[in-house]
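Chemist: Residue numbers (our numbering): -19 to 179. Even glycine gets a Cβ: it sits at the ideal position worked out from N, Cα and C. Predicted model only: the values in this text are computed from it and were never measured. Dropping a structure here in structure tokens format, bear with me for questions.
Quick look at the structure:
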């Protein structure tokens, strides 16, 4: 989990599991944690990253530069680091020098993006705020998958899950759970790049 202002809570939640509380914004730390996984367990088959939500009541035009950069880091930079290191774990780090080693490598990377706003009547400005980072993640997923499949010839599936619906429905977490299990069990290349699981 990310080392931040709720670290104590996350440590309590995961106390019964092998758990690391790390700075996800630190590239070297991410590399180290993936190296620990590789050393102890070998290649990973699936990686799941919960990106988290954004406070849609917060007016983005009033954010300081530091606050904005933290959001960009949370919703863009950290998911990219997790994706990159997951791909290298599923293939091999030697593929950085010899891209042909990406060919036929398998695995599933699942990014769970921010939920749609919830409520009976969603204001236009709230809906627009929700699309800032949900909208930024979609082309990233598409471009990364094109690179993984068409250029590198890998069989690694990168999927973005977006919960909630345009009518303000509460996300169905049981459906999320079953979707994650199904995605993690994929053994071949799929075209499920972006899933709107409540629509």
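Please classify residue 135: does DSSP put it in a helix, a strand, or coil?
Modeler: DSSP places residue 135 in strand when its eight states are reduced to three.
Chemist: Taking the CB atoms as reference points, tell me whether residue 102 and residue 148 lie closer together than 8 Å.
Modeler: A contact, by the Cβ cut-off of 8 Å.
Chemist: Quick one, are the C-beta atoms of residue 94 and residue 114 less than 8 Å apart?
Modeler: The answer is yes: Cβ separation under 8 Å.
Chemist: Measuring CB to CB, does residue 24 end up less than 8 Å from residue 66?
Modeler: Yes.
Chemist: Report all residues from its chain with a CB closer than 8 Å to the CB of residue 81; omit the five preceding and five following residues, and keep chain order.
Modeler: Answer for residue 81: 71, 72, 74 and 75, listed in chain order.
Chemist: With distance defined between alpha-carbon atoms, name the residue in 29, 64, -4 and -7 nearest to residue 244.
Modeler: There is simply no residue 244 to check, as the chain begins at -19 and stops at 179 in what is shown.
Chemist: Buried or exposed, going by whether 16 or more other CB atoms sit within 10 Å of the CB of residue 42?
Modeler: Counting Cβ neighbours within 10 Å, residue 42 comes out exposed, since fewer than 16 surround it.
Chemist: Using CA coordinates, which residue listed in 21, 132, 16 and 12 is at the minimum distance from residue 78?
Modeler: The shortest Cα separation from residue 78 among 21, 132, 16 and 12 belongs to 132.
Chemist: Let me know the secondary structure DSSP gives residue 178 once reduced to three states.
Modeler: Three-state DSSP puts residue 178 in coil, outside helix and strand.
Chemist: Could you pull the DSSP bridge partners for residue 88 from this structure?
Modeler: Note: residue 88 sits in a beta bridge opposite 26 and 137.
Chemist: Using only alpha-carbon positions, find the residue among 162, 116, 153 and 90 that is nearest to residue 62.
Modeler: Nearest option by C-alpha distance: 90.
Chemist: Taking only three categories from DSSP, how would you classify residue 117?
Modeler: Reduced to three states, the DSSP call for residue 117 is helix.
Chemist: Measure from the alpha carbon of residue 174 to the alpha carbon of each residue in 155, 117, 157 and 134, then state which is nearest.
Modeler: Nearest option by C-alpha distance: 117.
Chemist: In terms of alpha-carbon separation, which member of 156, 153 and 164 lies closest to residue 138?
Modeler: When each option's Cα is compared against that of residue 138, the closest is 164.
Chemist: Report yes if the C-beta distance between residue 160 and residue 28 is below 8 Å; otherwise report no.
Modeler: Taking 8 Å as the Cβ cut-off, residue 160 and residue 28 qualify as a contacting pair.
Chemist: Measure the alpha-carbon distance for residue 15 versus residue 105 and round it to whole angstroms.
Modeler: Going from the Cα of residue 15 to the Cα of residue 105 covers about 43 Å.
Chemist: Which residues mark the beginning and the end of the alpha helix (DSSP H) in which residue 69 is found?
Modeler: That run of the alpha helix (DSSP H) goes 58 to 70.
Chemist: Could you give the DSSP three-state label for residue 142: helix, strand or coil?
Modeler: Strand, per DSSP.
Chemist: What whole-angstrom Cβ distance do residue 0 and residue 13 have, given they're in contact under 8 Å?
Modeler: Yes, they are in contact, since the Cβ atoms of residue 0 and residue 13 sit about 6 Å apart, within 8 Å.
Chemist: Among the residues of its own chain, which have a CB less than 7 Å from the CB of residue 176, if the five just before and after it don't count?
Modeler: So the list reads 142, once near-sequence residues are dropped.
Chemist: Please classify residue 185 as buried or exposed, where buried requires at least 16 neighbouring CB atoms within 10 angstroms.
Modeler: A question about residue 185 goes unanswered here, because the residues of the chain that appear run from -19 up to 179.
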